[in-house]
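Numbering (the working numbering), first residue to last: 4 to 220.
Beta carbons: idealized from backbone N, C-alpha and C, even for Gly.
A quick write-up on the structure given underneath.
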């Protein structure tokens, strides 16, 4: 989805609408897919959260079918919904430290873990394997799970895969593998990526029109 108002101020979860930059991205995304001339069987699967639905609705006339699925909603941050990471660390220091130690298995109090998400998304992933052209409009944690499955990443890598805002991630199945391409739009957005301790930020290659990355992990 495009940048949301909560993204802009660094808050977790919630159901905030797109920011001005996010709206611009949604409009440019429609232009991108129109220019790509995707075959007429394009399906759109979107989260039910406002920010994702606003993004997906810009492309609704380009698809044969659009669905808004709760299963694609962002990870439930439980009691931490709406907090910034600074708030989270100050209010719940032990929880914050536990999350840093094992991000995959850590479950937000009254919320979910990445391990929970993998279970939640299993039927979606199985259905994706049976489809041809599907645009998934969702959230960072959800897209990490999908990307990890198709790009064969293990559970320790999954929570740290970089899924930047205002970026199209194209997955093309190959024999025994999956080609991963990333097309980053030149539209301002906050950086929502938090590195694992002791690791560097990902480095992206540049193309003339956009940032193009081939599976940098």
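7 Å Cβ shell around residue 131 - same chain, five flanking residues per side excluded: To locate residue 131, count along the chain shown from 1; it is residue 128. Once the five neighbours on either side are set aside, the close Cβ partners of residue 131 are 137.
Okay, do the region 190-198 and the region 49-61 touch, 3+ Cβ pairs below 8 Å being the bar? no
Residue range of the unbroken alpha helix (DSSP H) whose run includes residue 89: Translated into the one-based positions of the chain shown, residue 89 becomes position 86. First-last of the alpha helix (DSSP H) with residue 89: 88-94.
C-beta contact flag for residue 16 and residue 118 at 7 Å: If you number the chain shown from 1, residue 16 lands on position 13. If you number the chain shown from 1, residue 118 lands on position 115. No, the pair does not count as a contact, with Cβ atoms beyond the cut-off.
Identify the continuous beta strand (DSSP E) that holds residue 61 and give its terminal residues. Indexing the chain shown from 1 puts residue 61 at position 58. Neither: residue 61 is in no beta strand (DSSP E) and is coded neither H nor E.
Note the first and the last residue of the continuous alpha helix (DSSP H) segment covering residue 126. Within the chain shown, residue 126 is the residue found at index 123, counting from 1. Residue 126 -> alpha helix (DSSP H) spans 117-133.
For residue 129, is the classification buried or exposed, using 16 other Cβ atoms within 10 angstroms of its Cβ as the cut-off for buried? As a first step, residue 129 is located in the chain shown; it is residue number 126 there, counting from the start. Looking at its Cβ environment, which holds fewer than 16 other Cβ atoms inside 10 Å, residue 129 is exposed.
For residue 77 versus residue 144, is the C-beta distance shorter than 7 Å? In the chain shown, counting from the first residue as 1, residue 77 sits at position 74. In the chain shown, counting from the first residue as 1, residue 144 sits at position 141. Contact: yes.
Thinking C-alpha only, which one of 69, 65, 199 is nearest residue 33? Working through the chain shown from its first residue, we reach residue 33 at position 30. The shortest C-alpha separation from residue 33 is found at 65.
When burial is assigned at 16 or more other CB atoms within 10 Å of the CB, is residue 25 buried or exposed? Within the chain shown, the letter at position 22 stands for residue 25. When all chains shown are included, residue 25 counts as buried.
Any idea what DSSP makes of residue 193, helix, strand or coil? Taking the first residue of the chain shown as position 1, residue 193 is located at position 190. Residue 193 falls in the coil class under three-state DSSP.
Secondary structure at residue 14, three-state DSSP: helix, strand or coil? Counted from its first residue, the chain shown places residue 14 at position 11. It is a strand residue.
Rounded to the nearest angstrom, how far is the Cβ of residue 146 from that of residue 107, given a contact under 8 Å? As a working mapping, residue 146 is identified with position 143 in the chain shown. As a working mapping, residue 107 is identified with position 104 in the chain shown. Not confirmed; about 16 Å, so no contact.
Nearest-angstrom beta carbon gap, residue 139 and residue 62 [assumed within contact, 8 Å]: The count along the chain shown starts at 1 and reaches residue 62 at position 59. The count along the chain shown starts at 1 and reaches residue 139 at position 136. About 12 Å; that fails the 8 Å criterion.
Which runs of the beta strand (DSSP E) spanning at least 3 residues fall entirely within the region 30-56, listed in chain order? 46-50
Collapsed DSSP secondary structure at residue 188 in the structure displayed: The residue you call residue 188 lines up with position 185 of the chain shown. Three-state result, residue 188: coil.
In chain order, what residues of the same chain lie with their CB nearer than 8 Å to the CB of residue 86, ignoring the 5 residues before and after it? Here residue 86 corresponds to residue number 83 of the chain shown, with the count starting at 1. Excluding residues within five positions, the ones whose Cβ falls inside 8 Å are 14, 15, 80, 94.
Go ahead and pull the three-state DSSP assignment for residue 8. Counting from 1 along the chain shown, the entry for residue 8 is found at position 5. Residue 8: helix per DSSP, three-state reduction.
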